[in-house]
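73 is the number of the first residue of the sequence shown in this note's numbering; add one for each residue after it.
Each residue gets a CB set at the ideal place from its N, CA and C atoms; glycine is no exception.
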Amino acid sequence: MVISRSRGRGSGLLSGKRGLRLNRNPNRNGASKGKTAPKQNPQARSKDKRLGIPLAAIGRKILPTDIVQEKLSKPRKQEAAPAPVKQPQQRLPKQPPVPKASAGNAKPASVQRSPKERVQRAKTPVRIIPLGGLGEIGKNMTVIECANDMFIIDCGLAFPDAEMLGVDLVIPDFTYVERNADKLRGIVLTHGHEDHIGGLAYLLKKVNTPVYGTRLTLALVESKLKEHQLSGKVQLNEVAPRKTIRMGCMAVELIHVNHSIPDAVGMAIHTPAGVLVHTGDFKVDYSPIDGGIIDLGRFGELGSKGVLALMADSTNAERPGYTPSERKVGESFDKLFAEAEGKRIIIATFSSNIHRVQQIIDHAEANGRKVAVFGRSMVNVITIARELGYLNVKDGTIIDIDLMNRYSASQIVLITTGSQGEPMSALTRMAMGDHKKVNITPQDFIIISATPIPGNEKYVTRVVNELMKSGAHVVYERMYDVHVSGHACQEELKLILALTKPRFFIPVHGEYKHLKKHAELAMGIGMDRDHIITGQIGDIIESNGVDMKIVGQAPSGRVLVDGLGVGDVGSIVLRDRKHLAQDGLIIIVVGIDRAENAVVSGPELISRGFVYVREAEAMMEEARSRLTDTLAGCPPHELRDWNALKAKLRDVLSDYIFNTTKRSPMILPIIMEV
Numbered sequence: 073m074v075i076s077r078s079r080g081r082g083s084g085l086l087s088g089k090r091g092l093r094l095n096r097n098p099n100r101n102g103a104s105k106g107k108t109a110p111k112q113n114p115q116a117r118s119k120d121k122r123l124g125i126p127l128a129a130i131g132r133k134i135l136p137t138d139i140v141q142e143k144l145s146k147p148r149k150q151e152a153a154p155a156p157v158k159q160p161q162q163r164l165p166k167q168p169p170v171p172k173a174s175a176g177n178a179k180p181a182s183v184q185r186s187p188k189e190r191v192q193r194a195k196t197p198v199r200i201i202p203l204g205g206l207g208e209i210g211k212n213m214t215v216i217e218c219a220n221d222m223f224i225i226d227c228g229l230a231f232p233d234a235e236m237l238g239v240d241l242v243i244p245d246f247t248y249v250e251r252n253a254d255k256l257r258g259i260v261l262t263h264g265h266e267d268h269i270g271g272l273a274y275l276l277k278k279v280n281t282p283v284y285g286t287r288l289t290l291a292l293v294e295s296k297l298k299e300h301q302l303s304g305k306v307q308l309n310e311v312a313p314r315k316t317i318r319m320g321c322m323a324v325e326l327i328h329v330n331h332s333i334p335d336a337v338g339m340a341i342h343t344p345a346g347v348l349v350h351t352g353d354f355k356v357d358y359s360p361i362d363g364g365i366i367d368l369g370r371f372g373e374l375g376s377k378g379v380l381a382l383m384a385d386s387t388n389a390e391r392p393g394y395t396p397s398e399r400k401v402g403e404s405f406d407k408l409f410a411e412a413e414g415k416r417i418i419i420a421t422f423s424s425n426i427h428r429v430q431q432i433i434d435h436a437e438a439n440g441r442k443v444a445v446f447g448r449s450m451v452n453v454i455t456i457a458r459e460l461g462y463l464n465v466k467d468g469t470i471i472d473i474d475l476m477n478r479y480s481a482s483q484i485v486l487i488t489t490g491s492q493g494e495p496m497s498a499l500t501r502m503a504m505g506d507h508k509k510v511n512i513t514p515q516d517f518i519i520i521s522a523t524p525i526p527g528n529e530k531y532v533t534r535v536v537n538e539l540m541k542s543g544a545h546v547v548y549e550r551m552y553d554v555h556v557s558g559h560a561c562q563e564e565l566k567l568i569l570a571l572t573k574p575r576f577f578i579p580v581h582g583e584y585k586h587l588k589k590h591a592e593l594a595m596g597i598g599m600d601r602d603h604i605i606t607g608q609i610g611d612i613i614e615s616n617g618v619d620m621k622i623v624g625q626a627p628s629g630r631v632l633v634d635g636l637g638v639g640d641v642g643s644i645v646l647r648d649r650k651h652l653a654q655d656g657l658i659i660i661v662v663g664i665d666r667a668e669n670a671v672v673s674g675p676e677l678i679s680r681g682f683v684y685v686r687e688a689e690a691m692m693e694e695a696r697s698r699l700t701d702t703l704a705g706c707p708p709h710e711l712r713d714w715n716a717l718k719a720k721l722r723d724v725l726s727d728y729i730f731n732t733t734k735r736s737p738m739i740l741p742i743i744m745e746v
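1) Where does the unbroken beta strand (DSSP E) through H342 begin, and where does it stop?
2) Give me the Cβ distance between A498 and I512, rounded to the nearest whole Å; I'm assuming they're in contact under 8 Å.
3) Following the continuous alpha helix (DSSP H) through D267, name the residue where it begins and the one where it ends.
4) What is the rounded straight-line gap between the Cα of P202 and the Cα of D353?
5) May I ask you to list the residues that DSSP assigns as paired with I213?
6) May I ask you to list the residues that DSSP assigns as paired with C218?
7) Can you tell me which of I484, G440, S480 and I200 puts its alpha carbon nearest to the alpha carbon of F446?
8) Is it true that the CB of N330 sits closer than 7 Å to the CB of I366?
9) Counting only the same chain and skipping the five closest in sequence on each side, list residues whose C-beta sits under 8 Å from that of A345.
10) How many angstroms separate the CA atom of D357 from the CA atom of M540?
11) Under a Cβ-count criterion, where at least 16 other Cβ atoms within 10 Å of its own Cβ denotes burial, should N425 be classed as buried or exposed?
12) Note down the Cα distance separating L292 from F405, rounded to an integer number of angstroms.
13) Given K734, which residues of its chain have a CB within under 6 Å of its CB, disregarding the five upstream and five downstream residues?
14) Helix, strand or coil for N715? Go by DSSP, reduced to three states.
15) Which residues in the same chain as T247 place their Cβ atom closer than 6 Å to its Cβ, once the five residues preceding and following it in sequence are excluded?
16) Is it true that the CB of A560 sits closer than 7 Å to the CB of T289?
17) Are there 16 or more other CB atoms within 10 angstroms of the CB of Q431, so buried, or fewer, so exposed?
18) Flag this pair as touching only if the segment 464-472 and the segment 433-453 have three or more C-beta atom pairs under 8 Å; answer yes or no.
19) Rounding to the nearest angstrom, what Cα-Cα distance links N280 and V306 in this structure?
20) Sorted by chain position, which residues of the same chain lie with C-beta nearer than 7 Å to T523's C-beta, five sequence neighbours on each side aside?
21) Specify the secondary structure class of K442 as computed by DSSP and reduced to three states.
22) May I ask you to list the residues that DSSP assigns as paired with V547?
23) Out of curiosity, what's the CA-to-CA distance linking I418 and A312?
24) Is DSSP giving G363 helix, strand or coil here?
25) Can you give me the start and stop residues for the alpha helix (DSSP H) that A503 sits inside?
26) Output the distance between the C-alpha atoms of I317 and I327, rounded to the nearest integer angstrom.
27) Between the alpha carbons of S359 and K400, how many angstroms are there, rounded?
28) Just list the residues that DSSP pairs H435 with in beta bridges.
29) Hey, is the segment 222-230 in contact with the segment 599-606, meaning 3+ C-beta pairs nearer than 8 Å?
30) DSSP on S679, reduced to helix/strand/coil?
31) Only counting the same chain, and skipping five residues up and downstream in sequence, which positions put a Cβ closer than 7 Å to that of A253?
32) Would you give the residue range spanned by the alpha helix (DSSP H) that G402 belongs to?
33) How should V623 be labelled, buried or exposed, when 16 other C-beta atoms within 10 angstroms of its C-beta is the threshold for buried?
34) According to DSSP, N330 sits in a beta bridge with which residue or residues?
35) Given this structure, state the Cα-to-Cα distance separating V451 from R416, to the nearest angstrom.
36) Terminal residues of the continuous alpha helix (DSSP H) containing I456?
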């Protein structure tokens, strides 16, 4: 992994050109020199110093007013604001001041701006081009473009739906990026989930550009690059939250957020037209497992200075209230581990959910149990997390799976993949009795610590049924709080809107229903309908700092990955696969002497997936007879035109088969020249 680092005390800016340096200031969270913190209002003495909110609010639901009314722009006592982005004055005009909310205002958390506010029109507009993640779940990818510079936010994958037979992965269409590769200054990653980094290796095979991200994210990326023989060929630049990256005429500042994986970030993008804020995938967790609370203060500071547009995660926009803390799952584990005394515990969860894995390991150690890990992706992520210090495990806790037999059932916890019922996952193979190391028995207590992704419900149900048939006790989300989402619910989404006070709003990351609901939430707290853009992939959204509108379409869509083939499976291939899967195949084989214009062999019929020939001999013999009569009635010139002859044979057989069976198998005539 090529990671450029510098220990000097610099501005924290990264160049988008070759030979970049990352200034890592060990005191990046310290107080700014030469500045003193403003005096506190006597009424605001009792506050949580990390968040700037009244301590009295910690025990209840946090309202936007708890935060919006505070002076979020003041430097933290132990954390300094990031070094200012050095930008040419003519290219990055100052943002207009935003009027402070009045304490007596009936809607202090409103995102409405003063009608007197003057916004300066930028000479250089900014473009936002989503190539994935809008109107769909997964394959998140967005291009930010300004003049002759552009960069990419994330490059993820999606998993195929049931109709994409034989397809392994779905990635975004990279056509627009390839056409504008000379403008590309880099790729900035928000976190290490597959729907945000899974397509990266495929893109890096087409364009050569630096990649920026946090420590864990880059480690997961490096693992993927090795799988694609790209290790050492890509420049990976580690960037900490509150540091900035120079991307030509733009600068990107990372902002720490909470999610179901450590090291997740949002970002503030400083452009000539104004500041764009992208939340990435996020939730608001006031008691996270790793202690790193979302940097609400920075979102508020940006809002107080002026935000041109907010792009926010819409995944849970339909869910009211707040997303529970990850610690809620730990409380359930307390009860379940006690209930499972004397039994072997098997827990299936997402391999990337390191906080969940940490809680499982903590409970195993507290109950004197050893931990065995199953599933290639689970082993890979746990190994990386331990090496980087994101997972704390006592020596001897994790054992090799071959040593499990040395311990009794009550001394073991298995952590495995398969929470989504994937056909080849470890848990599914255990349920079906196909796993070489684990046999399910009534002595097993199984916890599925995940929620089925839409479309996977039937696979998860099948696995649960098979596990129960083996006598195991199975616990899943409908029975216990064994999973919490990593995405913000409605009140958290309103909070981010209230803090950033954007002039324009673009819901991202979700199906259309999620985007629409998120837009309604924004309007519900005062956002102007005309300032909300509910777009789709390929939209070119442009703003000059005053207006924002869709000005065109970029090439977009989905590229299907089947094995080593990328993009060679299209709608026609999928149609044929579906046809074959539904009704099967019949092959007609005919031998023709071209010199004599005569049939010398056949027709022979070969059936695959349609009927078993020995059980349908009468029908197949009648079909063969009709084809023989058709060939006998063909004049010599028709026997020379093979395309016309194939079509004629196909029509004759198709009509007979449909009239007899009401089925339409694929018919493939093959003519051999003798």
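Considering the structure as presented:
1) For this step, residue 342 is matched to residue 270 along the sequence shown. Unbroken beta strand (DSSP E) run through H342: V337 to T343.
2) On the sequence shown, residue 498 is found 426 positions in, with the first residue counted as 1. On the sequence shown, residue 512 is found 440 positions in, with the first residue counted as 1. Rounded, the Cβ-Cβ distance is 12 Å, inconsistent with contact.
3) As a working note, residue 267 is residue 195 in the sequence shown. Where D267 is concerned, the enclosing alpha helix (DSSP H) stretches over E266 to I269.
4) The sequence position of residue 202 within the sequence shown is 130, counting from 1. The sequence position of residue 353 within the sequence shown is 281, counting from 1. So the two alpha carbons sit approximately 15 Å from each other.
5) Within the sequence shown, numbered from 1, the residue matching residue 213 stands at position 141. Residue identity differs from the one stated: residue 213 is Met in this sequence, not Ile. M213 pairs with G204.
6) On the sequence shown, position 146 is the one that residue 218 refers to. DSSP, once it has assigned bridges, lists V198 and D221 as partnering C218.
7) Here residue 446 refers to the residue found at position 374 when the sequence shown is read from its first residue. Looking at the Cα atoms, I484 is the closest of the given residues.
8) On the sequence shown, residue 366 is found 294 positions in, with the first residue counted as 1. On the sequence shown, residue 330 is found 258 positions in, with the first residue counted as 1. Yes, the pair counts as a contact, with Cβ atoms nearer than the cut-off.
9) Numbered from 1 along the sequence shown, position 273 holds the residue referred to as residue 345. If we look at A345 and ignore the five residues flanking it on each side, its Cβ neighbours are A194, T196, P197, V198, C218, L380, S615, N616 and G617.
10) Within the sequence shown, residue 357 is the residue found at index 285, counting from 1. Within the sequence shown, residue 540 is the residue found at index 468, counting from 1. Roughly 35 Å between the two C-alpha positions.
11) As a first step, residue 425 must be located in the sequence shown, where it is residue number 353. It is buried - the Cβ of N425 has at least 16 other Cβ atoms within 10 Å.
12) To locate residue 292, count along the sequence shown from 1; it is residue 220. To locate residue 405, count along the sequence shown from 1; it is residue 333. Distance between the alpha carbons of L292 and F405: 28 Å.
13) The count along the sequence shown starts at 1 and reaches residue 734 at position 662. Counting only Cβ-Cβ distances below 6 Å, and skipping sequence neighbours, we find nothing.
14) Within the sequence shown, numbered from 1, the residue matching residue 715 stands at position 643. Of the three classes helix, strand and coil, the one that applies to N715 here is helix, per DSSP.
15) Here residue 247 is taken as the residue at index 175 of the sequence shown, counted from 1. If we look at T247 and ignore the five residues flanking it on each side, its Cβ neighbours are P627.
16) The residue given as residue 289 occupies position 217 in the sequence shown. The residue given as residue 560 occupies position 488 in the sequence shown. No, they are not a contact pair.
17) Taking the first residue of the sequence shown as 1, we reach residue 431 at position 359. By the neighbour-count rule (16 or more Cβ atoms within 10 Å), Q431 is buried.
18) yes
19) Position 208 of the sequence shown, counting from 1, holds the residue named residue 280. Position 234 of the sequence shown, counting from 1, holds the residue named residue 306. Going from the Cα of N280 to the Cα of V306 covers about 7 Å.
20) Locating residue 523 in the sequence shown gives position 451, counting from the first residue. E549 and H555.
21) As a position in the sequence shown, residue 442 is number 370, starting the count at 1. K442 falls in the strand class under three-state DSSP.
22) Looking up residue 547 in the sequence shown gives position 475. Paired residues: I519.
23) To locate residue 418, count along the sequence shown from 1; it is residue 346. To locate residue 312, count along the sequence shown from 1; it is residue 240. Roughly 36 Å between the two C-alpha positions.
24) Within the sequence shown, residue 363 is the residue found at index 291, counting from 1. In the structure shown, G363 sits in coil (DSSP, three-state: anything other than H, G, I, E or B).
25) Here residue 503 refers to the residue found at position 431 of the sequence shown. A498 to A503 is the extent of the alpha helix (DSSP H) around A503.
26) In the sequence shown, the residue the question calls residue 317 occupies position 245. In the sequence shown, the residue the question calls residue 327 occupies position 255. Taking the straight line from one Cα to the other gives about 12 Å.
27) Walking along the sequence shown from the start, residue 359 turns up at place 287. Walking along the sequence shown from the start, residue 400 turns up at place 328. Whole-angstrom Cα-Cα distance: 10 Å.
28) The sequence position of residue 435 within the sequence shown is 363, counting from 1. Answer is none; H435 lacks a bridge partner.
29) no
30) Translated into positions along the sequence shown, residue 679 becomes position 607. In the structure shown, S679 sits in a strand (DSSP, three-state: E or B).
31) As a first step, residue 253 is located in the sequence shown; it is residue number 181 there, counting from the start. Closer than 7 Å at Cβ, skipping near neighbours: V279.
32) Here residue 402 is taken as the residue at index 330 of the sequence shown, counted from 1. Start and end: R399 to E411.
33) Mapped onto the sequence shown, residue 623 falls at position 551. Counting Cβ neighbours within 10 Å, V623 comes out exposed, since fewer than 16 surround it.
34) Reading the sequence shown from its first residue, position 258 is the one you call residue 330. According to DSSP, N330 bridges with K355.
35) Here residue 451 corresponds to residue number 379 of the sequence shown, with the count starting at 1. Here residue 416 corresponds to residue number 344 of the sequence shown, with the count starting at 1. Those two C-alpha atoms are separated by around 20 Å.
36) By one-based count along the sequence shown, residue 456 stands at place 384. First-last of the alpha helix (DSSP H) with I456: R448 to L460.
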